[in-house]
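In my numbering, the protein residues as written are -12 to 323. Structure first, commentary second.
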């Protein structure tokens, strides 16, 4: 099952914008011809929110403009253009917020049309795959991401940058070049920054691994990539952990083997059976269980369909002479 959610909920954004408008008015900050810069200086928390997203800024400015117009109209009706404003009541907030919501919806449908990059639909903020599912998603800028089994990413595009967070699992990216709009991926300990290339990235228990199949990426620890980034070219694999970054020139064949999951296959090269079992278990509800350390140390080589754990068990039984014990949801492998 996959889940897709809007990049920004229009209702949520306009609600927060309306709340900020009421709060700033209550604090006496909406005076004269106040602008966004003045309000940001007066309230740092508001500044952080309004500059977090273009949608936030547009929602608030539309709301503020509508509010100023209503205030000027009310003043004219009273014949007193200098009359002080009172606290914004909830019905007024809701009416003005509805207009802001419409503005956000238009922007979402056009994806920042004011910047000249109109799009047909809002970009979803989350994509995920269930156990055993492999799925390719086309992103709004033309880039593609293939999600491996049990993977989740978050997408947040702005006019300045394309940002993705790998929350769980593994993904393969084919990034459309955009020199003025870098593509950034955060994944646990690691961060990748690219302009246009193809690579795989996996979030591991103790770090992050990147395998580059085309082009060049900057790879480093998320907390210090500006000062400690490594350049990875095609055929290179990088690994980021709390202890630092390790880079290996593994070669194109190794990288392609590492990414064979995109074709529904797994390749092992003298890999301990315990690791082979762990890899198969990522894709299948029927789990391979290794009975003892000696069996787990048996080395495996070859290419196998990732979703046919039963075929692998038969091979282990007939080709390796291992004992196989089957029960509901598990296949146990033993040397005796």
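All C-beta atoms, glycine included, are put in the ideal place defined by N, C-alpha and C.
Sub-7 Å separation of residue 198 and residue 249 beta-carbons: no
task = Could you check the C-alpha separation between residue 231 and residue 1 for me, to the nearest Å?
result = 42 Å
Legend entry - Start and end residues, alpha helix (DSSP H) containing residue 23: 23 to 29
- Item | Close beta carbons around residue 284, own chain, < 6 Å, minus the five adjacent residues each side | 259
- Task: Can you check DSSP and say which residues form a bridge with residue 259?
- Result: 286
At which residues does the beta strand (DSSP E) containing residue 313 begin and terminate?
310 to 314
Measuring only the C-alpha atoms, how far is residue 177 from residue 148? 18 Å
Element boundaries [beta strand (DSSP E), containing residue 216]:
It is not in any beta strand (DSSP E) - residue 216 carries neither H nor E in the DSSP assignment.
message = Can you look up residue 302 in the DSSP assignment and give me helix, strand or coil?
response = Here DSSP, grouped into helix, strand and coil, assigns residue 302 to helix.
Rounded to the nearest angstrom, what separates residue 209 and residue 154 at their Cα positions?
Answer to the nearest angstrom: the Cα atoms are 14 Å apart.
request  = Closer than 6 Å by C-beta to residue 201: which residues in its own chain qualify, once you throw out the five before and the five after it? Chain order, please.
outcome  = Here the set comprises 184, 185 and 221.
message: From the DSSP secondary-structure annotation, give me the bridge partner or partners of residue 203.
response: 220
Starting from residue 173, trace the beta strand (DSSP E) both ways and give me its first and last residue. Segment 170 to 174, the beta strand (DSSP E) holding residue 173.
### Query
Three or more beta-carbon pairs under 8 Å between the stretch 117 to 129 and the stretch 265 to 281, yes or no?
yes
Alpha carbon of residue 298 to alpha carbon of residue 145, nearest angstrom:
47 Å
Which term fits residue 235, buried or exposed, when burial requires 16 or more other beta carbons within 10 angstroms of its beta carbon? exposed
(request) Determine the contact status of residue 265 and residue 228, defining contact as a CB-CB distance below 7 Å. (result) no
_Could you compute how far the alpha carbon of residue 313 sits from the alpha carbon of residue 319?_
6 Å
Checklist entry - In or out: residue 156 buried (at least 16 other Cβ within 10 Å) or exposed? => result buried
- Task: Could I get the ranges of all uninterrupted beta strand (DSSP E) runs contained in the stretch 231 to 279, with 3 residues as the minimum, in chain order?
- Result: 231 to 236, 252 to 259 and 274 to 277
- Message: Using CA atoms only, rank isn't needed, just tell me which of 160, 158, 161 and 182 is closest to residue 169.
- Response: Here the closest residue by C-alpha is 182.
ask   = By DSSP, does residue 161 sit in helix, in strand, or in coil?
value = strand
How many whole angstroms separate the CB atoms of residue 136 and residue 158, which I take to be in contact at a CB cut-off of 8 Å? Wrong, their Cβ atoms sit about 11 Å apart, outside the cutoff.
### N- and C-terminal bounds of the beta strand (DSSP E) containing residue 130
It is not in any beta strand (DSSP E) - residue 130 carries neither H nor E in the DSSP assignment.
Since residue 205 and residue 189 are thought to touch, with beta carbons under 8 Å apart, how far apart are those beta carbons, to the nearest angstrom? The Cβ separation is near 18 Å, so there is no contact.
* Quickly, what does DSSP pair residue 225 with across the bridge? List them, please. => Under the DSSP definition of a beta bridge, residue 225 partners with 197 and 234.
Q.
Am I right that residue 127 and residue 161 are in contact with their C-beta atoms under 8 Å? What's the rounded C-beta distance?
A. The Cβ separation is near 14 Å, so there is no contact.
* **For residue 275 and residue 296, believed in contact at Cβ under 8 Å, the rounded distance** => 6 Å
Consult DSSP for residue 323 and reduce its assignment to one of helix, strand or coil.
Three-state DSSP puts residue 323 in coil, outside helix and strand.
*When the Cα of residue 280 is compared with those of 24, 316, 35 and 321, which residue comes out closest?*
321
Let's see if you can read the secondary structure: which residues bound the beta strand (DSSP E) around residue 188?
185 to 190
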